[in-house]
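Numbering (this note's numbering), first residue to last: 4 to 425. Each residue gets a CB set at the ideal place from its N, CA and C atoms; glycine is no exception. Take a look at the structure below.
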Ligand code: EPZ
């Protein structure tokens, strides 16, 4: 298993290109199952999760060809020769559940393994299943698999989500495009990845209104046609790399960054004393002098502060002046980066869903363990600002969500290298 070796050093300077969004691509790819015509995605990120979704779609009989060094995904699911999403693939990546809605809507049956939990929480899929049942699906759980049927096709209906769920909104939105009649999704997720999915589905002929608000209305159509669609910029990669100059000092321009994708995050950076400036090619972030100020953070569904940036923000708060309270309200166990940061000298007190961080002048490099995708990159950020060397182990987590992180940070002056594992 590879590791990443980071040596703390001074201010960063330069530009970092931001890739297409992993969490948009992982829902746009299953949309190919909704049509027999080709769907091509451009600006796709080159990540192991995308390879996993590719393997899953191919296991169902879809064709997925990667072009331009992985940045273009040419897909076509003219004939599916399987409707079973196997546990082996699904357990590796929870987003695999997103093939359920499209497969069911297209062919009236699907068998998808339950994903099981992951490091950050139990992460049930009950809301996905309830939404499909509200559209007339008959579901049966057998030996860890969801057996879904809709012999006469799905029927439009009203889906009232008791809590905001990105994945359940995505599954329901895709399924509703081919359901008979109209479907209303209430308390729908508003994330930019949902907006991106709706825009792609509309290009395929879907009739959708209200994406980006908490109520989405879909008028079902008989069939969808092919399309070409660019994956939206990854707001989590953007926020992550914006934190590099914030924690190290210096000035970095994140190419392709858009303020509307990270508004709540930028408000907290501004409160902490980090300047963010919109340029005509992205977002320029600078921390001129002195330490950042401690600020409080509460994670919420979009447009609130994203849970996927909580670990990275905690790394910054570990070196801030003052005390910061971070409240994680989306997942029940998303502070596993805290004990690792404490190995680097951070002062963090975790009680349930609240972490209180008292900033220190300087962290100290240490060997640390990545536990999940965002925790791993928060340890790298901490290592950039720490005194001495930090070796982040188990970086396979990192490669799921960040392409060539050592190259992107190295290009702006970070001392970072990948150490090949045995
Ligand atoms: C998506 O996960 C993202 N993943 C996550 O990013 C992100 O953290 C999350 O949305 C929240 O923004 C992808 O898009 C592939 P949810 P998802 O359904 O859809 C509970 C990353 O690091 N819930 O919005 O699984 C759930 O347990 C990943 O890139 C149910 O109870 O998240 C959680 O507490 C991590 N029942 C809350 O809702 C359900 O049926 C929000 O989950 C579904 C969810």
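Three-state class that DSSP yields for residue i in the structure shown
i: residue 141; result: strand
i: residue 173; result: helix
i: residue 342; result: helix
i: residue 410; result: helix
i: residue 367; result: strand
i: residue 192; result: coil
i: residue 102; result: helix
i: residue 418; result: strand
i: residue 396; result: strand
i: residue 352; result: strand
i: residue 305; result: coil
i: residue 277; result: coil
i: residue 333; result: coil
Residues of its chain near residue i, where Cβ-Cβ distance is below 8 Å and the 5 sequence neighbours each way are ignored
i: residue 124; result: 334, 335, 336, 337
i: residue 27; result: 195, 196, 199, 200, 234, 235, 237
i: residue 65; result: 35, 36, 78, 79, 80, 83
i: residue 183; result: 156, 157, 158, 159, 223
i: residue 345; result: 351
Residue of the options minimising C-alpha distance to residue i
i: residue 373; options: 385, 366, 367, 362; result: 385
i: residue 298; options: 325, 112, 29; result: 325
i: residue 145; options: 116, 132, 135, 163; result: 116
i: residue 69; options: 86, 122, 93, 44; result: 44
i: residue 160; options: 177, 186, 182; result: 186
i: residue 322; options: 342, 329, 361; result: 361
i: residue 108; options: 10, 181, 280, 232; result: 181
i: residue 131; options: 293, 9, 105, 417; result: 105
i: residue 357; options: 25, 302, 345; result: 302
i: residue 75; options: 53, 95, 94; result: 53
i: residue 366; options: 388, 354, 376; result: 388
i: residue 190; options: 206, 173, 167; result: 167
i: residue 241; options: 265, 355, 90; result: 265
i: residue 304; options: 218, 95, 169, 188; result: 169
i: residue 254; options: 8, 16, 4; result: 16
Residue i versus residue j - alpha carbon distance
i: residue 47; j: residue 77; result: 11 Å
i: residue 82; j: residue 349; result: 54 Å
i: residue 310; j: residue 378; result: 11 Å
i: residue 20; j: residue 140; result: 43 Å
i: residue 267; j: residue 67; result: 36 Å
i: residue 13; j: residue 347; result: 18 Å
i: residue 6; j: residue 136; result: 44 Å
i: residue 381; j: residue 340; result: 7 Å
i: residue 30; j: residue 251; result: 34 Å
i: residue 128; j: residue 171; result: 8 Å
i: residue 228; j: residue 208; result: 6 Å
i: residue 404; j: residue 55; result: 12 Å
i: residue 392; j: residue 314; result: 20 Å
i: residue 409; j: residue 134; result: 41 Å
i: residue 213; j: residue 162; result: 14 Å
i: residue 327; j: residue 320; result: 7 Å
i: residue 343; j: residue 351; result: 10 Å
i: residue 394; j: residue 412; result: 16 Å
i: residue 426; j: residue 110; result: What the structure shows of the chain is the stretch from 4 to 425, and residue 426 is not part of that stretch, so it cannot be assessed.
i: residue 154; j: residue 203; result: 27 Å
i: residue 23; j: residue 246; result: 18 Å
i: residue 215; j: residue 307; result: 13 Å
i: residue 25; j: residue 256; result: 21 Å
i: residue 179; j: residue 231; result: 21 Å
i: residue 49; j: residue 73; result: 6 Å
i: residue 279; j: residue 332; result: 26 Å
i: residue 263; j: residue 271; result: 14 Å
i: residue 273; j: residue 243; result: 15 Å
i: residue 142; j: residue 149; result: 7 Å
i: residue 406; j: residue 260; result: 16 Å
Strand pairing of residue i, partner residues [DSSP]
i: residue 257; result: 19, 286
i: residue 210; result: 222
i: residue 183; result: 158
i: residue 148; result: 116, 145
i: residue 327; result: 360
i: residue 121; result: 124
i: residue 233; result: 45
Spatial neighbours of residue i in its chain, beta-carbon cut-off 7 Å, leaving aside the 5 residues before and after
i: residue 277; result: 249, 288, 290, 295
i: residue 51; result: 402, 403
i: residue 222; result: 185, 210
i: residue 59; result: 88, 92, 99, 102
i: residue 85; result: 62, 63, 64
6 Å Cβ shell around residue i - same chain, five flanking residues per side excluded
i: residue 284; result: 258
i: residue 275; result: 295, 296, 298
i: residue 41; result: 79, 229
i: residue 113; result: 86, 103, 106, 107, 151
i: residue 418; result: 10, 12
i: residue 18; result: 256, 258
CB contact check: residue i to chain E, cutoff 8 Å
i: residue 247; result: Within the model displayed, chain E is absent; a lone protein chain is all it includes.
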